[in-house]
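Under our numbering, read the sequence shown as residues 304 to 388, first letter to last.
Heads up: the structure comes next, in C-alpha coordinates.
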Amino acid sequence: MRLSIRDRRVVQIFFLALYFLTGSSLKQGKKASAMKMDDGEQRLLNYLFSDYNPHLRPVLDTSHVVTVTFGISLHQIIDVVGYLY
(Lines of atoms letter the chains of each structure in order from A; the text may use other names.)
(Lines give C-alpha, C1' and ligand atoms only; values in the text may rest on other atoms or scores of the structure.)
Protein backbone atom coordinates (compact mmCIF):
# COMPACT_ATOMS: atom_id res chain seq x y z
CA MET A 304 0.00 0.00 0.00
CA ARG A 305 1.49 3.34 -1.07
CA LEU A 306 0.75 6.53 0.79
CA SER A 307 0.09 9.79 -0.98
CA ILE A 308 2.52 12.66 -0.49
CA ARG A 309 0.03 14.37 1.84
CA ASP A 310 -0.39 11.23 3.95
CA ARG A 311 3.37 10.75 4.19
CA ARG A 312 3.73 14.36 5.35
CA VAL A 313 1.06 13.82 8.03
CA VAL A 314 2.85 10.69 9.25
CA GLN A 315 6.18 12.55 9.33
CA ILE A 316 4.68 15.41 11.33
CA PHE A 317 3.02 12.95 13.73
CA PHE A 318 6.27 11.12 14.44
CA LEU A 319 8.17 14.38 14.77
CA ALA A 320 5.65 15.62 17.35
CA LEU A 321 5.78 12.26 19.12
CA TYR A 322 9.58 12.44 19.20
CA PHE A 323 9.54 15.84 20.90
CA LEU A 324 6.67 15.01 23.27
CA THR A 325 8.18 11.79 24.58
CA GLY A 326 11.33 13.33 25.96
CA SER A 327 13.69 13.51 23.02
CA SER A 328 15.97 15.62 25.19
CA LEU A 329 16.77 12.57 27.28
CA LYS A 330 19.36 10.32 25.71
CA GLN A 331 20.81 7.35 27.55
CA GLY A 332 19.58 8.62 30.91
CA LYS A 333 21.39 11.96 30.67
CA LYS A 334 19.75 15.34 30.84
CA ALA A 335 19.93 17.61 27.81
CA SER A 336 22.12 20.08 29.67
CA ALA A 337 24.69 17.35 30.33
CA MET A 338 24.91 16.31 26.68
CA LYS A 339 27.54 17.82 24.45
CA MET A 340 26.16 19.69 21.45
CA ASP A 341 28.03 20.16 18.24
CA ASP A 342 28.87 23.66 17.07
CA GLY A 343 25.91 23.91 14.66
CA GLU A 344 23.37 22.96 17.32
CA GLN A 345 24.84 25.43 19.78
CA ARG A 346 24.84 28.26 17.23
CA LEU A 347 21.20 27.50 16.34
CA LEU A 348 20.13 27.57 19.99
CA ASN A 349 22.02 30.80 20.57
CA TYR A 350 20.34 32.37 17.52
CA LEU A 351 16.83 31.19 18.41
CA PHE A 352 17.04 32.30 22.04
CA SER A 353 19.10 35.48 21.56
CA ASP A 354 16.11 37.77 22.26
CA TYR A 355 14.23 35.38 24.54
CA ASN A 356 13.00 36.76 27.85
CA PRO A 357 11.37 34.09 30.07
CA HIS A 358 9.70 36.78 32.20
CA LEU A 359 7.52 38.14 29.39
CA ARG A 360 4.07 36.63 28.82
CA PRO A 361 1.51 37.62 26.18
CA VAL A 362 -1.24 38.58 28.66
CA LEU A 363 -2.96 41.82 29.64
CA ASP A 364 -2.72 41.11 33.37
CA THR A 365 0.43 39.28 34.47
CA SER A 366 -1.27 38.00 37.63
CA HIS A 367 -3.66 35.83 35.60
CA VAL A 368 -2.84 32.20 35.01
CA VAL A 369 -2.45 31.02 31.43
CA THR A 370 -3.86 27.54 30.90
CA VAL A 371 -2.37 25.61 28.00
CA THR A 372 -3.99 22.41 26.81
CA PHE A 373 -2.64 20.01 24.24
CA GLY A 374 -4.34 17.12 22.55
CA ILE A 375 -3.62 14.56 19.91
CA SER A 376 -6.03 12.51 17.90
CA LEU A 377 -5.99 9.94 15.13
CA HIS A 378 -7.87 11.24 12.10
CA GLN A 379 -7.54 8.28 9.79
CA ILE A 380 -6.81 4.61 10.27
CA ILE A 381 -4.59 3.58 7.38
CA ASP A 382 -4.64 -0.18 7.82
CA VAL A 383 -5.89 -2.71 10.36
CA VAL A 384 -4.64 -6.27 10.40
CA GLY A 385 -6.75 -8.65 12.43
CA TYR A 386 -7.11 -12.36 12.80
CA LEU A 387 -10.12 -14.42 13.78
CA TYR A 388 -9.39 -17.16 16.28
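For glycine and all other residues, C-beta sits at the position ideal for the given N, C-alpha and C.
Rounded Cβ spacing between residue i and residue j (contact assumed at less than 8 angstroms)
i: V371; j: R360; result: Contact flag wrong, Cβ pair sits at about 11 angstroms.
Under the three-state DSSP convention, the category residue i falls into
i: V384; result: coil
i: Q331; result: Low confidence applies to Q331: its pLDDT is 48, below 50, so where it sits in the model is not reliable enough to give any reading.
i: G374; result: coil
i: L347; result: helix
i: F299; result: Because residue 299 is not part of the residues shown, which for the chain are 304 to 388, the question remains open.
i: Q315; result: helix
i: D342; result: helix
i: D310; result: helix
i: L363; result: coil
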